[in-house]
Amino acid sequence: MSDITLTINGFEVTVPEGSTIMEAADEASIHIPRLCYHPNLSIQGSCRVCVVEVEGMPNLVASCCFEAADGMVVRTNTPEVLHLRRDIVELLIDNHPEDCNTCPRDANCELQRLARNMGIRERVFAGERKRHDEDVSSPALIRNPEKCVLCGRCVRACGEVQEAACLSQVNRGYETVVMPAHDASFNETVCIGCGQCAMVCPTAAFVEQDATRDFIDALDDPDTVVVVQTAPAVRAALGEEFGFDPGVAWQGKMFAALRRLGVDGVFDTNFAADLTIMEEAAEFVKRFTEGGTLPLVTSCCPGWIKYAEHFHPEFLEHLSTARSPMSMMGSVIKTAWAENTSTDPKRIYSVAIMPCTAKKFEATREELFLGDLPIIDGVLTTRELAWVLKHMGIDFASLPEEQPDSPLGTATGAAAIFGASGGVTEAALRTAYWMAFDEDLPEDAIAFEQVRGMEGLRFADVPFGEDTLRIAVAHGLGAANRILEGVESGEMEVDFIEVMACPGGCIGGGGQPYAREGEVPLDENRLKLRAQSLYGLDEEAELRCSHHNPDIQKVYEEYFGEPNSEKAHEILHTYYYPRVPPGIRPQEAQV
Amino acid sequence: MLYEREALDTPEWWQGLDEMIERQHEQYPESVQTALIPLLHYVQNAFGYVPEKAINHIAQALGVPTAYVCGVASFYSYFSLEPKGAFTISVCLGTACFVRGAQAILDEFCRQLDVEAGGTTSDRIFTVSDSSRCLGACGQAPVVMIDDDVHAKVVAQDVADIVAEYEARARREMQAREERARADARSHVQ
Numbered sequence: 015m016s017d018i019t020l021t022i023n024g025f026e027v028t029v030p031e032g033s034t035i036m037e038a039a040d041e042a043s044i045h046i047p048r049l050c051y052h053p054n055l056s057i058q059g060s061c062r063v064c065v066v067e068v069e070g071m072p073n074l075v076a077s078c079c080f081e082a083a084d085g086m087v088v089r090t091n092t093p094e095v096l097h098l099r100r101d102i103v104e105l106l107i108d109n110h111p112e113d114c115n116t117c118p119r120d121a122n123c124e125l126q127r128l129a130r131n132m133g134i135r136e137r138v139f140a141g142e143r144k145r146h147d148e149d150v151s152s153p154a155l156i157r158n159p160e161k162c163v164l165c166g167r168c169v170r171a172c173g174e175v176q177e178a179a180c181l182s183q184v185n186r187g188y189e190t191v192v193m194p195a196h197d198a199s200f201n202e203t204v205c206i207g208c209g210q211c212a213m214v215c216p217t218a219a220f221v222e223q224d225a226t227r228d229f230i231d232a233l234d235d236p237d238t239v240v241v242v243q244t245a246p247a248v249r250a251a252l253g254e255e256f257g258f259d260p261g262v263a264w265q266g267k268m269f270a271a272l273r274r275l276g277v278d279g280v281f282d283t284n285f286a287a288d289l290t291i292m293e294e295a296a297e298f299v300k301r302f303t304e305g306g307t308l309p310l311v312t313s314c315c316p317g318w319i320k321y322a323e324h325f326h327p328e329f330l331e332h333l334s335t336a337r338s339p340m341s342m343m344g345s346v347i348k349t350a351w352a353e354n355t356s357t358d359p360k361r362i363y364s365v366a367i368m369p370c371t372a373k374k375f376e377a378t379r380e381e382l383f384l385g386d387l388p389i390i391d392g393v394l395t396t397r398e399l400a401w402v403l404k405h406m407g408i409d410f411a412s413l414p415e416e417q418p419d420s421p422l423g424t425a426t427g428a429a430a431i432f433g434a435s436g437g438v439t440e441a442a443l444r445t446a447y448w449m450a451f452d453e454d455l456p457e458d459a460i461a462f463e464q465v466r467g468m469e470g471l472r473f474a475d476v477p478f479g480e481d482t483l484r485i486a487v488a489h490g491l492g493a494a495n496r497i498l499e500g501v502e503s504g505e506m507e508v509d510f511i512e513v514m515a516c517p518g519g520c521i522g523g524g525g526q527p528y529a530r531e532g533e534v535p536l537d538e539n540r541l542k543l544r545a546q547s548l549y550g551l552d553e554e555a556e557l558r559c560s561h562h563n564p565d566i567q568k569v570y571e572e573y574f575g576e577p578n579s580e581k582a583h584e585i586l587h588t589y590y591y592p593r594v595p596p597g598i599r600p601q602e603a604q605v
Numbered sequence: 505m506l507y508e509r510e511a512l513d514t515p516e517w518w519q520g521l522d523e524m525i526e527r528q529h530e531q532y533p534e535s536v537q538t539a540l541i542p543l544l545h546y547v548q549n550a551f552g553y554v555p556e557k558a559i560n561h562i563a564q565a566l567g568v569p570t571a572y573v574c575g576v577a578s579f580y581s582y583f584s585l586e587p588k589g590a591f592t593i594s595v596c597l598g599t600a601c602f603v604r605g606a607q608a609i610l611d612e613f614c615r616q617l618d619v620e621a622g623g624t625t626s627d628r629i630f631t632v633s634d635s636s637r638c639l640g641a642c643g644q645a646p647v648v649m650i651d652d653d654v655h656a657k658v659v660a661q662d663v664a665d666i667v668a669e670y671e672a673r674a675r676r677e678m679q680a681r682e683e684r685a686r687a688d689a690r691s692h693v694q
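Protein chains in written order, with this note's numbering: chain S, 15 to 605; chain E, 505 to 694.
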């Protein structure tokens, strides 16, 4: 493909043929304001915020979907362009509630930023405004169509990245609303709760269900024993909420901060990640050596699990029956830990800090309850934890580094990397090898670089004694579908599949910090830095295999016996069931 | 009396729909989804609207996510997602009809039937359309169309008679249907 040269605002820029004007402008360090555009999604061209002037064209064109041509002369900031662009944003704002002060996206809203940067200081068009009710039926997410600007990024993220296609733009013109099929309550749809809609939403049309109030109330109640666990990926991103750059894992300050909130137990989901590996690796080795159902598919990700129940009911027997780390930890807290510390499980308020909105749904799954008792009482996203810390006056930056409590805080490097796509596989391989051959992998063979990375789909053949393990790793449910389709058609032969719903794994979870000014949601470099920080923890760790965790060894000695024992099955495993409505995956030739 | 369309919700009717979809799969295996709009037309023509059940059925059969089918069906004003009456009253609001008092006629229909424009009467006999632009019969203005019947040079005083005429028609149809059902039942007993 040849290059073309065009002039933008008087500056020449050379780009490959086929580039859009917006891409050419980016190349020339000229930022054209944009709203419905997202680099990971298809082009919609509906918001018109990115309009520019092209010499010889009678009207302004949307630069996100207008191809640049050789010799083209483009102006992005003439008075006319600025004026019209401002009108477009003013019209959006006119049809938007005037409640920025009390909005969960206040100070972190793309619409607000656009308006501020364009110098919009008054509401010019005071017309009729759309009115809609919030849908709070889902345990994971709140849908608020009144805040929606119809950019369609959620619809495309849900359909193109996650292939859940729960959302669509319904009706027409002024009546248009983004909604699920039949305007059903969100908890009665195929929504998997992954929160990617909230992640890409420029406003607060999708936000997580608030768990901060109950948490703060529980902290204040002297009769309640509040214990907290924190997922691996939270530490990779929490610092961003306090203005730090990604790339550093903030676990020391995170534990210190939680302790200063006055919780009664500072635990670490990483401990349960090691426990998950013991159970899942044992399950895999058993299935592999004794000829059980393969490929085995990981079950840590609640978005993926609900997706499988809606969209792949025929595949459920492939899923590992091991509960997710969060739920294993929840179960252990209200059984073994409660017994050990003579605490009445009913008095425990068990909080999980997760990078994830779907975990809020997982916590409501009754099959995980201990009788009537939920094993997790509150799930806060990384964002919510940051709000609570700010609210409670914790000065994160100046906190010392502290360790979590023992025994439910001790964890290995294998657990730390759970937060990045490929991490569970790597951790499982380390322990599966030991379980199968009764010896550890050599020190230089412990890192499985081939399963790391940011590609949506990765394959690796890993030597396993005399056999070869065929591994597939997917993040983004569209990528997962490609693997399952391959397995179903027989084109792909794999033994082990890791699926994480969100881009990059949990580090790109729907509950992670929103994109800051000048950043794109789900920016790949940001995700890479977050992953790096977790791999750094693993490299620095003294213990890098789950089965080396002394507290894990102890909990098996004292409580569970051995992995996959009857007691372990009762407390650490679960089952899955097909869900209605049945999911219909979008296909390429869409109408 | 609640007017109901001929009982279509039968296994045979849905089988007919499935056969249409099957033909599409055979003829255009690469573009099965292009049948979406023709199928929605087929359903709309049969039921007078597109019921939720039909949307789910078509979505599943074509492999198009249900939310997308809802998006398409709700985009086109031809498709209704709400049940419609037996007869649709369209009062022409084109320029010629409007200047000859069409708005007063529309208001009179709404008043007598106790519905808003766009609404359906509680007995499901009438739907009053809210968006009838020029019907192309300006010489007969003001014009009212009830389904395919044209009523020319209508004045507000005619409204009561028109309503009565169609109400009687709906009632006769329902009675005939009941009688047929009774006759069927008798023949079964014998």
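Beta carbons are placed, not taken as given, at the ideal position from N, Cα and C, and that holds for glycine.
Checklist entry - Quick one: is F579/E near chain S, going by C-beta distance under 7 angstroms? => result As a position in the second sequence, residue 579/E is number 75, starting the count at 1. It does: the Cβ of F579/E has a partner Cβ on chain S nearer than 7 angstroms.
Checklist entry - Run through DSSP, which three-state label would F383/S get? => result One-based indexing of the first sequence puts residue 383/S at position 369. DSSP, reduced to helix, strand and coil, places F383/S outside both helices and strands of the structure shown, so it counts as coil.
Checklist entry - Rounded to whole angstroms, how far is the Cβ of A429/S from the Cβ of M342/S, which I believe are closer than 8 angstroms? => result Within the first sequence, residue 429/S is the residue found at index 415, counting from 1. Within the first sequence, residue 342/S is the residue found at index 328, counting from 1. At roughly 12 angstroms, the Cβ-Cβ gap does not stay under 8 angstroms, so A429/S and M342/S are not in contact.
Item to check | Beta-carbon gap between T371/S and L155/S smaller than 7 angstroms | outcome: Along the first sequence, read from residue 1 onward, the residue named residue 371/S stands at position 357. Along the first sequence, read from residue 1 onward, the residue named residue 155/S stands at position 141. In contact: T371/S and L155/S (Cβ atoms closer than 7 angstroms).
Checklist entry - CB I431/S to CB D552/S, shorter than 7 angstroms? => result By 1-based counting over the first sequence, the position of residue 431/S is 417. By 1-based counting over the first sequence, the position of residue 552/S is 538. Yes, the pair counts as a contact, with Cβ atoms nearer than the cut-off.
Checklist entry - Counting along the chain, where does the alpha helix (DSSP H) carrying Y549/S start and finish? => result Residue mapping note: residue 549/S aligns to position 535 of the first sequence, counting from 1. Note, Y549/S: alpha helix (DSSP H), 538 to 554.
Next on the checklist: Relative to the C-alpha of G523/S, which candidate in P53/S, A515/S, L403/S has its C-alpha closest?
Outcome noted: Position 509 of the first sequence, counting from 1, holds the residue named residue 523/S. The residue with the shortest Cα to Cα distance from G523/S is A515/S.
Next on the checklist: Does the CB of C180/S have a neighbour CB from chain E at under 7 angstroms?
Outcome noted: As a working mapping, residue 180/S is identified with position 166 in the first sequence. So, interface residue.
Checklist entry - Nearest to F329/S by alpha carbon, out of G59/S, L498/S, H587/S, R127/S? => result Looking up residue 329/S in the first sequence gives position 315. Selected option, being the one with the closest Cα: L498/S.
Checklist entry - Do three or more CB pairs link the stretch 178 to 198 of chain S to the stretch 396 to 408 of chain S at distances below 8 angstroms? => result no
Checklist entry - Name the residues in the stretch 181 to 199 of chain S whose C-beta lies less than 7 angstroms from a C-beta of chain E; which are they? => result L181, S182, Q183, V184, N185, R186, P194, A195, H196
Next on the checklist: Less than 7 angstroms between C-beta atoms, sequence neighbours within five positions excluded: which residues of the same chain meet that for C64/S?
Outcome noted: In the first sequence, the residue the question calls residue 64/S occupies position 50. Counting only Cβ-Cβ distances below 7 angstroms, and skipping sequence neighbours, we find M36, I46, P47, R48, Y51, A76, S77, C78.
Checklist entry - For the candidate residues S636/E, I629/E, D513/E, whose alpha-carbon lies nearest to that of A674/E? => result The residue you call residue 674/E lines up with position 170 of the second sequence. The shortest Cα separation from A674/E among S636/E, I629/E, D513/E belongs to I629/E.
Checklist entry - L96/S bridges to which residues according to DSSP? => result Here residue 96/S refers to the residue found at position 82 of the first sequence. Bridge pairing for L96/S: absent [DSSP].
Next on the checklist: So if DSSP puts A474/S in a beta bridge, which residue, or which two residues, is it bridged to?
Outcome noted: Here residue 474/S is taken as the residue at index 460 of the first sequence, counted from 1. Beta-bridge pairing links A474/S to I485/S.
Checklist entry - Who pairs with H587/S in a beta bridge, going by DSSP? => result The sequence position of residue 587/S within the first sequence is 573, counting from 1. A336/S, per the DSSP bridge assignment.
Next on the checklist: With the cut-off set at 7 angstroms, would you say A251/S and R544/S are in Cβ contact?
Outcome noted: Residue mapping note: residue 251/S aligns to position 237 of the first sequence, counting from 1. Residue mapping note: residue 544/S aligns to position 530 of the first sequence, counting from 1. Yes. Within cutoff.
Checklist entry - If you run the structure through DSSP and keep just helix, strand and coil, what is I206/S? => result Residue numbering aside, residue 206/S sits at position 192 when the first sequence is read from its first letter. I206/S: coil per DSSP, three-state reduction.
Next on the checklist: Using 8 angstroms as the cut-off, can you tell me whether the stretch 615 to 624 of chain E makes contact with the stretch 567 to 577 of chain E, which would need three or more C-beta pairs spanning the two stretches below that distance?
Outcome noted: no
Next on the checklist: Tell me which residue opens and which closes the alpha helix (DSSP H) that G492/S is part of.
Outcome noted: Looking up residue 492/S in the first sequence gives position 478. Taken as a continuous stretch (DSSP letters only), the alpha helix (DSSP H) holding G492/S covers 491 to 503.
Checklist entry - For a contact meaning CB atoms closer than 9 angstroms, what does G567/E contact in chain S? => result Start at 1 with the first residue of the second sequence, and residue 567/E comes out as number 63. Simply I598, R599, P600, Q601.
Item to check | Same chain only: Cβ atoms within 7 angstroms of N284/S, ignoring 5 sequence neighbours per side | outcome: As a first step, residue 284/S is located in the first sequence; it is residue number 270 there, counting from the start. Result list for N284/S: P246, A425, A429, A430, in chain order.
Checklist entry - Nearest-angstrom Cα distance between C520/S and V534/S? => result Numbered from 1 along the first sequence, position 506 holds the residue referred to as residue 520/S. Numbered from 1 along the first sequence, position 520 holds the residue referred to as residue 534/S. When rounded, the distance between both Cα atoms is 18 angstroms.
Next on the checklist: Quick check on the burial criterion: 16 or more other C-beta atoms within 10 angstroms. Buried or exposed for R130/S?
Outcome noted: Counted from its first residue, the first sequence places residue 130/S at position 116. Exposed is the call here.
Checklist entry - Under three-state DSSP, which class holds A577/E? => result Locating residue 577/E in the second sequence gives position 73, counting from the first residue. Assigned with DSSP and collapsed to three states, A577/E falls in helix.
Checklist entry - Taking just the CA atoms, how far does G589/E sit from E683/E? => result Translated into the one-based positions of the second sequence, residue 683/E becomes position 179. Translated into the one-based positions of the second sequence, residue 589/E becomes position 85. Approximately 22 angstroms between the Cα atoms of the pair.
Item to check | Through-space distance from S60/S to A603/S, alpha-carbon basis | outcome: The sequence position of residue 603/S within the first sequence is 589, counting from 1. The sequence position of residue 60/S within the first sequence is 46, counting from 1. In this prediction, A603/S scores a pLDDT of 42, lower than 50, which makes its location untrustworthy; the coordinate-derived value is nonetheless stated afterwards. Answer to the nearest angstrom: the Cα atoms are 21 angstroms apart.
Next on the checklist: Please list, in chain order, the chain S residues whose beta carbon lies closer than 8 angstroms to that of Q564/E.
Outcome noted: The residue labelled residue 564/E in the question sits at position 60 within the second sequence. Neighbours of Q564/E on chain S, chain order: P596, I598.
Item to check | Element boundaries [beta strand (DSSP E), containing E222/S] | outcome: Reading the first sequence from its first residue, position 208 is the one you call residue 222/S. Taken as a continuous stretch (DSSP letters only), the beta strand (DSSP E) holding E222/S covers 220 to 222.
Next on the checklist: Buried or exposed, going by whether 16 or more other CB atoms sit within 10 Å of the CB of Y591/S?
Outcome noted: By one-based count along the first sequence, residue 591/S stands at place 577. Exposed, since its Cβ has fewer than 16 Cβ neighbours within 10 Å.
Next on the checklist: Is the separation between the beta-carbon of M468/S and that of E512/S shorter than 7 angstroms?
Outcome noted: As a working mapping, residue 468/S is identified with position 454 in the first sequence. As a working mapping, residue 512/S is identified with position 498 in the first sequence. Going by C-beta atoms, M468/S is not nearer than 7 angstroms to E512/S.
Item to check | Paired residues, beta bridge with I650/E - DSSP | outcome: Along the second sequence, one-based indexing puts residue 650/E at 146. In DSSP, I650/E forms a bridge with I593/E, D653/E.
Checklist entry - Starting from R167/S and walking both ways along the beta strand (DSSP E), at which residues does that stretch end? => result If you number the first sequence from 1, residue 167/S lands on position 153. That residue, R167/S, is in no beta strand (DSSP E); its alpha helix (DSSP H) goes 167 to 170.
Checklist entry - Does the stretch 437 to 445 of chain S touch the stretch 289 to 300 of chain S, meaning 3 or more C-beta pairs lie closer than 8 angstroms? => result yes
Item to check | Beta-carbon proximity of C215/S to C168/S, cut-off 7 angstroms | outcome: As a position in the first sequence, residue 215/S is number 201, starting the count at 1. As a position in the first sequence, residue 168/S is number 154, starting the count at 1. Yes, the pair counts as a contact, with Cβ atoms nearer than the cut-off.
Next on the checklist: Taking contact to mean 3 or more Cβ pairs, one atom from each stretch, closer than 8 angstroms, check whether the stretch 204 to 211 of chain S and the stretch 312 to 328 of chain S are in contact.
Outcome noted: At 8 angstroms Cβ cutoff, the stretches touch.
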